[in-house]
Amino acid sequence: MGPMIRAASLRGFVPLVEELGGAPDALLARFGISRGSLEADDELVPITAHDRMLDAAADALGCPDFGLRLAERQDLGILGPLAIAVESSSTVAEALRCASRFMFVHSTALSVDVRPDPHGRRGVVALTYYKDLRESMYSPQAMELGLGLFHRVSVALLGGLTGLRSVEFPHGPVSPVRRYLDFFGCDVRFGAPAGALCVERQVLDERFATANETTRGIALGHLTTQYPDSTGAIPARVRLAIAETLGVSAPSVVAVARLLATHPRTLQRQLAREGTSFETVLDDVRRDAAHRFITGTDLPLSQVTTLVAFTEQSSLSHAVRRWFGLSPRELRRLGSGGAGA
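Going by UniProt numbering, the sequence shown opens with residue 1, and the numbers climb by one from there.
Here it is, written out as structure tokens:
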């Protein structure tokens, strides 16, 4: 099935599409997302389908700033239980540590972090917003939604963001640059190594007016109890280990068990307790990787075969037909049509 994201990330999607003259139900159906799932924030939807739908909506509606417009309709509340822990933190640095630790509650494919400034500016750090591209394709609209919301939340919690030096996007501008400047109110740069808000280091020490140590302790206790650390989820760890080595070495339970410092039989038993198996997880990783390479790139199918760790192109063809009911070439021709999302 691949990595998921909480349906709260699509809060405001339906009314925005309707206001732009579109048909939200048609878009949702095209990407296999039920209208009902949007009514419960804690429902999970595939992040690849979620992101591809945002890109498709922007294109179909002639609205290149769709992601930014959706960000304007959202707030920290879309993070659910994580939002309480973040807003009750004492400082920006503490909030970021909390978000970094528990972002998997929102989506296992997303992460936030504090990294050095990509331009080497003294006294500046990058607050990064990152999607694991080994798990799902890159989406300009999803990145703009994420960074736009990151900015809005920061401004709301701090009462402003005076230390913001630049906003970094990995992709080129899809809207007029003026739109980005108006939204963020600072220098916006494109073609960056990662999506980020670059701020003066002293911003990390700024305190929140909403800080409450008691509330934060309760929220963290809830998160720790109800959402065990993602590093402890065996299927997720196996999936990540396979994704990291796919196309580099032959995927096997022995090799993955070695990476996870456990015995192959122990790993198989752990997966069985979770209702799955190594073969099932491997098949899911191959399926998602093959879909990304076939529909999102122009790589020759022979190269895709190698990248998803099949020894023969015929094996890829048989697998793609089993997964999607189409040949690899038919799947590629469909392009962004939503098959297999």
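We put the beta carbon where it would ideally sit given N, CA and C, even for glycine.
From residue i to residue j, what distance separates their C-alpha atoms?
i, j, result
"Arg207", "Val86", "12 Å"
"Arg332", "Gly160", "46 Å"
"Leu16", "Val105", "26 Å"
"Ala29", "Ser37", "12 Å"
"Met255", "Pro264", "For the sequence presented, residue 255 should be read as Ala rather than Met. When rounded, the distance between both Cα atoms is 8 Å."
"Gly232", "Leu260", "Confidence in Gly232 is poor, its pLDDT being 47 and thus under 50, which makes the residue's placement too unreliable to answer from."
"Leu20", "Leu61", "7 Å"
"Glu43", "Arg11", "12 Å"
"Gly217", "Thr225", "12 Å"
"Leu223", "Thr210", "19 Å"
"Arg52", "Phe31", "8 Å"
"Ala58", "Met143", "13 Å"
"Arg201", "Asp55", "33 Å"
"Arg152", "Asp25", "28 Å"
"Ser315", "Thr266", "29 Å"
"Ala319", "Arg287", "8 Å"
"Leu326", "Arg269", "34 Å"
"Ala23", "Leu334", "21 Å"
"Gly123", "Trp323", "50 Å"
"Val304", "Thr311", "11 Å"
"Val155", "Ile78", "16 Å"
"Ser92", "Glu39", "Contrary to the premise, residue 92 reads as Val rather than Ser in this sequence. Going by the C-alpha atoms only, they are around 31 Å apart."
"Leu27", "Leu127", "32 Å"
"Gly340", "Ser34", "Here Gly340 scores only 39 on pLDDT, less than 50, and its place in the model is too uncertain to base an answer on."
"Pro176", "Phe183", "12 Å"
"Thr262", "Glu213", "38 Å"
"Ser249", "Ser89", "43 Å"
"Ala219", "Ile84", "6 Å"
"Ala71", "Val203", "22 Å"
"Glu279", "Lys131", "25 Å"
"Asp41", "Arg73", "15 Å"
"Val238", "Val281", "7 Å"
"Glu330", "Ser317", "11 Å"
With DSSP collapsed to three states, give me the class of residue i.
i, result
"Val167", "strand"
"Phe104", "helix"
"Arg237", "helix"
"Leu301", "helix"
"Phe13", "helix"
"Tyr130", "strand"
"Gly217", "helix"
"Glu19", "helix"
"Arg201", "helix"
"Met4", "strand"
"Asp187", "strand"
"Ser111", "strand"
"Thr91", "strand"
"Ala49", "helix"
"Pro328", "helix"
"Arg207", "strand"
"Gly172", "coil"
Please identify the residue among the options whose C-alpha is closest to the C-alpha of residue i.
i, options, result
"Arg292", "Val114, Leu133, Glu213", "Leu133"
"Leu240", "Gly62, Ala109, Ala83", "Ala109"
"Gln141", "Ala7, Ala261, Asp65, Ala319", "Asp65"
"Thr245", "Leu220, Gln303, Val285", "Val285"
"Ile234", "Asp41, Pro300, Ser277", "Ser277"
"Val112", "Pro176, Cys63, Arg121, Val125", "Val125"
"His171", "Thr214, Ala194, Leu158, Ala257", "Ala194"
"Pro328", "Leu301, Leu307, Asp288", "Leu301"
"Arg179", "Arg269, Arg258, Cys63, Ala219", "Cys63"
"Pro81", "Asp205, Gly221, Tyr129", "Gly221"
"Pro251", "Tyr227, Leu197, Leu307", "Leu307"
"Thr297", "Tyr130, Ser136, Met103", "Ser136"
"residue 342", "Ile294, Gln74, Asp75, Ser139", "Examination of residue 342 is not possible in this model, given that the chain is present from 1 through 341 alone."
"Asp283", "Val253, Ala257, Leu299, Arg273", "Val253"
"Glu116", "Ile242, Ala309, Leu197", "The sequence shown places Pro at residue 116, rather than the Glu named in the question. With distances taken between Cα atoms, Pro116 lies closest to Leu197."
"Glu118", "Ala192, Ala95, Phe102", "In the sequence under discussion, the amino acid at residue 118 is Pro, which differs from the Glu named in the question. For Pro118, the nearest C-alpha among the options comes from Ala192."
"Ala236", "Gly247, Ile294, Ser107, Val114", "Ser107"
If you follow the alpha helix (DSSP H) that residue i is in, where does it begin and where does it stop?
i, result
"Arg269", "264 to 273"
"Glu87", "81 to 87"
"Val285", "278 to 296"
"Val155", "140 to 158"
"Gly67", "66 to 71"
"Leu314", "Checking the sequence, you will find Ser at residue 314 rather than Leu. From DSSP, the alpha helix (DSSP H) with Ser314 extends over 313 to 324."
"Val177", "177 to 184"
"Leu27", "24 to 30"
Any heavy atom of the ligand NAP closer than 7 Å to the Cβ of residue i?
i, result
"Leu301", "This structure does not include the ligand NAP; it has no bound ligands of any sort."
Considering just the uninterrupted stretch of the beta strand (DSSP E) at residue i, what are its terminal residues?
i, result
"Val256", "Val256 -> not in any beta strand (DSSP E); alpha helix (DSSP H) instead, spanning 253 to 259."
"Leu76", "Segment: none, Leu76 is in no beta strand (DSSP E) and carries neither H nor E."
Exercise. Is the segment 37 to 49 close to the segment 3 to 20, with three or more CB pairs under 8 Å?
Worked result: Output reads yes: the segment 3 to 20 touches the segment 37 to 49.
For this session: Could you tell me whether the segment 181 to 192 touches the segment 152 to 167, where touching means 3 or more Cβ pairs closer than 8 Å?
Result: Yes, the segment 181 to 192 touches the segment 152 to 167.
Exercise. Contact between the segment 147 to 156 and the segment 53 to 73: three or more CB pairs below 8 Å?
Worked result: They touch, by the three-pair rule.
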